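In what follows, a single structure is set out as structure tokens and then discussed.
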């Protein structure tokens with residue numbers, strides 16, 4: 224069994240595209256959902272190693288709520304690495320909070336919707 228990656232993505236098309244990048248790689252198992260409140264139900268009793276949480280531009284999932292999701296996963300699965308996917312414009316509204324969260328170890332990294340797919344995949348693989 225390989226590393227388990229959870230794609231918690233409000234924008235299904237982006238999440239499915241990211242998940243597709245890992246489907247042929249035997250060292251990774253993936254779970255995709257857009258259910259922020261009940262994400263754990265989709266894990267089928269598996270322990271995730273990495274979670275990618277989308278912070279959408281406009282929705283009921285603002286940065287503060289996404290940070291609560293990250294905190295929830297880090298409490299329940301202490302070994303998990305949490306990365307935010309910032310799909311929010313204007314970025315200056317949230318970037319200071321994201322940097323603070325990284326410094327406080329509430330997240331292990333972040334990327335943006337402006338980042339190339341290959342770079343996002345590499346960033347996820349680099350999380351240990």
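Numbering (the numbering used here), first residue to last: 224 to 351. For every residue, glycine included, the Cβ atom is placed at its ideal position computed from N, Cα and C. Fair warning: this is a prediction, and the values are worked out from it, not measured in the lab.
{"query": "Straight-line CA distance for residue 268 to residue 300?", "result": "12 Å"}
{"query": "Going by DSSP, what residue range makes up the beta strand (DSSP E) through residue 306?", "result": "304 to 310"}
{"query": "Three or more C-beta pairs closer than 8 Å, one from the segment 306 to 318 and one from the segment 343 to 350: is that the case here?", "result": "yes"}
{"query": "CB-CB under 6 Å to residue 262, same chain, minus the five flanking residues each way: which ones, in chain order?", "result": "231, 256"}
{"query": "Hey, quick one: how far does the alpha helix (DSSP H) through residue 237 stretch, first residue to last?", "result": "235 to 246"}
{"query": "Buried or exposed for residue 241, going by 16 or more other Cβ atoms inside 10 Å?", "result": "buried"}
{"query": "When you compare the CB positions of residue 328 and residue 277, do they come within less than 8 Å of one another, or not?", "result": "no"}
{"query": "For residue 262, which of helix, strand or coil comes out of DSSP?", "result": "helix"}
{"query": "Looking at the structure shown, is residue 346 part of a helix, part of a strand, or coil, going by DSSP?", "result": "helix"}
{"query": "Where does residue 253 land, buried or exposed, given buried means 16+ other C-beta within 10 angstroms?", "result": "buried"}
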